[in-house]
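K.L.:
Reading the sequence shown from the start, the letters are residues 335 to 453 in the working numbering.
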Amino acid sequence: MGWIGVDFDGVLAVRVSGQSSRLGKPISPMVTRVKGWLRDGYDVRVFTARANDQQQVKQVKKWLNDNGLGDLIVTNIKDEGLIELWDDRAVRVVSNTGAPCSNCAGHSRLSRQDIKTDC
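1) Enumerate, from N- to C-terminal direction, the unbroken alpha helix (DSSP H) stretches of 4 or more residues contained entirely within the stretch 338-391.
2) Just to check, is the beta-carbon of Leu416 closer than 8 Å to a non-hydrogen atom of the ligand SAH?
3) Can you name the residues that DSSP bridges to Val427?
4) Let's test the definition: count the other Cβ atoms within 10 Å of the Cβ of Asp341 and tell me whether it reaches 16, buried, or not, exposed.
5) For Val365 versus Trp420, is the C-beta spacing smaller than 9 Å?
6) Measure the alpha-carbon distance for Gln389 versus Val408 and round it to whole angstroms.
7) Tell me which residues share the same chain as Asp422 and place their Cβ nearer than 6 Å to its Cβ, disregarding the 5 neighbours each side in the sequence.
8) For a test of the three-state rule: what should DSSP assign to Leu398, helix, strand or coil?
9) For Glu418, list the residues DSSP reports as bridge partners.
Set out below in structure tokens:
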């Protein structure tokens, strides 16, 4: 089985303006969801741009431990093992088509047009 990627800012933690070295407060429903996945034996990794900076990685790992999530891998690299990505900025695309999914309404921040996403 592969791994579940979960973004940090805006998904696990409240996004702090400027996304500097400050880390936001936990987003309880997502923290609870991740704890459930871990309890069920899933490999969960934090997928974040913060992984570019080792000091940021240390801060995120401390935040994870402080919030009961343990020592998760913090990365910004996708590989073939990624089975699902939870992110607040992604637009889902139908595989091999380049077309946005049509399951439900969303929008593109770039074009300001309605884009169908799966949320």
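Glycine is no exception: its CB is placed at the ideal position from the N, C-alpha and C atoms. Model, not experiment: these values are computed from the prediction.
P.N.:
In short, the structure shows the following:
1) 362-373
2) Among the components of this structure there are no ligands whatsoever, and the ligand SAH is therefore not found.
3) Pro434
4) buried
5) no
6) 12 Å
7) Gly344, Val345
8) helix
9) Ile338
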